[in-house]
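Some notes on the structure that comes next.
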Amino acid sequence: MSDNLRGAVLMALAMAGFALEDMFIKLLADALPVGQILFMLGLGGSVAFATIALRKGQAIYSPALLSRAVLLRNLAEMVGTVGFVLGFVLASLATASAILQAAPLFVTLGAVAFLGEKVGWRRWSAIIIGFFGVLLIVRPGLSGFEPASLFAVVGVLGLAGRDLATRVVPRSISSYQISAWAFAMMLPSGLFLMGVMGEAPVMPDLKQTAAILAALGIGVLAYYAIVAAMRVGELSFVTPFRYTRMLFALVIAILVFGERPDALTLIGAAIIVAAGLFTLWREKQAA
């Protein structure tokens, strides 16, 4: 198996893992406060990646972790996590996952605005068309509008900001250190949600504990797989396989939650994916 093919398989497995993690969170949200779920996942994930970093001889804390890029990345991680999780818990998983596919377009837009990257008229057209796809899914002011879907839009903005900040994080900071702190950001996010929503912690039963452990294990493995995918294959070949998350999320939404995405949602998702793939292709051509 070539490096590119291994990277593509790892990326697809990571996307399947994230979709399964979302499924467990949405199932758990019927019985446990969302903030508590995030707190427990953040605690477990940060301990897991901190342990990996220590085993590789990497420090959990260094002055570089207080750089502006890292602090901005952590803040964006909090916004993105809270927004996206609330989006698929309060709205439909299919809708939130479709909106999530617009993240690469927001990253391209942010790279122009904040990193000084040059974008030609073709990629500008793809960004505008992709945003049109988001509007088809959200449908503000129309009968099919789900107000909770706006949380997913906020989540996408946060996650795009996280990816932008990652581009300028000091190279002395490893992927495992970044991952440990990314999960650690779920701790204050969870506490914030519980405080805002006025929810008290609930002791999970055996079944819920098993679901939490499953979500945690799958989430950590998916995070590990996406890091490995980016290191094994060429970015231009591996990155498009991020869009397989939409497929996995649709299957789970239909089979597990009985959701029936309407035609506009599916068309909007297809437009976003097509615009994102075109943007990636043009970035490769420009490079």
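Its first residue numbered 832, the sequence shown is counted upward by one per residue in this note's numbering.
Glycine included, each C-beta is placed from N, C-alpha and C at the ideal position.
Remember, it's a predicted structure, so these values are computed and weren't measured experimentally.
With contact counted as at least three CB pairs below 8 Å, one residue from each stretch, are the segment 941 to 956 and the segment 906 to 924 in contact?
no
*Thinking V999 and V920 are a contact (beta carbons under 8 Å), I'd like their distance in whole angstroms, please.*
Contact doesn't hold; Cβ gap of about 32 Å is too wide.
Query raised in the report: Buried or exposed: T912, going by 16 or more other Cβ atoms within 10 Å of its Cβ?
Result: buried
Exercise for review: Could you check if E1065 is buried or exposed, using at least 16 other CB atoms within 10 Å of its CB as the buried criterion?
Suggested key: exposed
Point to revise | Status (buried if at least 16 other CB within 10 Å, exposed otherwise) for Y892 | key: Taking a 10 Å sphere around the C-beta of Y892, we find fewer than 16 other C-beta atoms and assign the residue as exposed.
Closest to G1107 by C-alpha separation, out of A944, V840, F962, would be which residue? F962
For V943, collect the residues of the same chain with a Cβ closer than 7 Å to its Cβ; drop the 5 residues on either side in sequence, then sort them by chain order. V950
- request: Just tell me which of R993, A1080, I1103, F1014 has its CA closest to the CA of V969.
  value: I1103
So, do the segment 880 to 890 and the segment 974 to 983 have three or more beta carbon pairs nearer to each other than 8 Å? Proximity of the segment 880 to 890 to the segment 974 to 983 falls short of the contact definition, fewer than three beta-carbon pairs being nearer than 8 Å.
For this session: Answer with buried or exposed for M1016, where buried requires no fewer than 16 other C-beta atoms within 10 angstroms of its C-beta.
Result: Of the other Cβ atoms in all chains shown, 16 or more fall within 10 Å of the Cβ of M1016; this residue is therefore buried.
Practice problem: Check the C-beta distance from L1022 over to F870 and give it rounded, since I have them as a contact under 8 Å. | Solution: 6 Å
_C-alpha gap between L917 and T1040, whole angstroms_ = One alpha carbon belongs to L917, the other to T1040, and they sit about 21 Å apart.
Outcome for V1176 when other beta-carbon atoms lying within 10 angstroms are tallied against a minimum of 16 = Nothing about residue 1176 can be reported from this structure: the residues present for the chain run from 832 to 1118 only.
Nearest by alpha-carbon distance to F862: which of M1028, P894, P1035, T939 is it? Sequence check: residue 862 is Ala here, not Phe. It is P1035 whose Cα lies nearest to the Cα of A862.
Report yes if the C-beta distance between S923 and A1046 is below 8 Å; otherwise report no. no
Find the nearest neighbour of Y1007 within the set V984, L1052, L988, L995, judged by alpha-carbon distance.
-> L1052
Review point. Counting Cβ pairs, one atom from each stretch, are 3 or more of them under 8 Å apart for the segment 843 to 861 and the segment 985 to 1005?
Key: no
Exercise. Between M1077 and Q932, is the Cβ-Cβ spacing less than 8 Å?
Worked result: Contact: yes.
Q.
Can you tell me whether Q867 is buried or exposed? The criterion is at least 16 other CB atoms within 10 Å of its CB, across all chains shown.
A. Looking at its Cβ environment, which holds 16 or more other Cβ atoms inside 10 Å, Q867 is buried.
What number of angstroms, rounded off, separates the C-alpha of E1090 from the C-alpha of G1026? Take the alpha-carbon of E1090 and the one of G1026: they are about 30 Å apart.
Completely contained alpha helix (DSSP H) runs for the segment 878 to 936, where each covers 4 or more residues: Runs of alpha helix (DSSP H) with 4 or more residues, each lying fully within the segment 878 to 936, are found at 899 to 921, 924 to 931, listed in chain order.
Open item on the list: Given this structure, state the Cα-to-Cα distance separating L885 from I959, to the nearest angstrom.
Closed with: 44 Å
Quick check: the Cα distance between A1117 and V965, rounded to an integer number of angstroms?
26 Å
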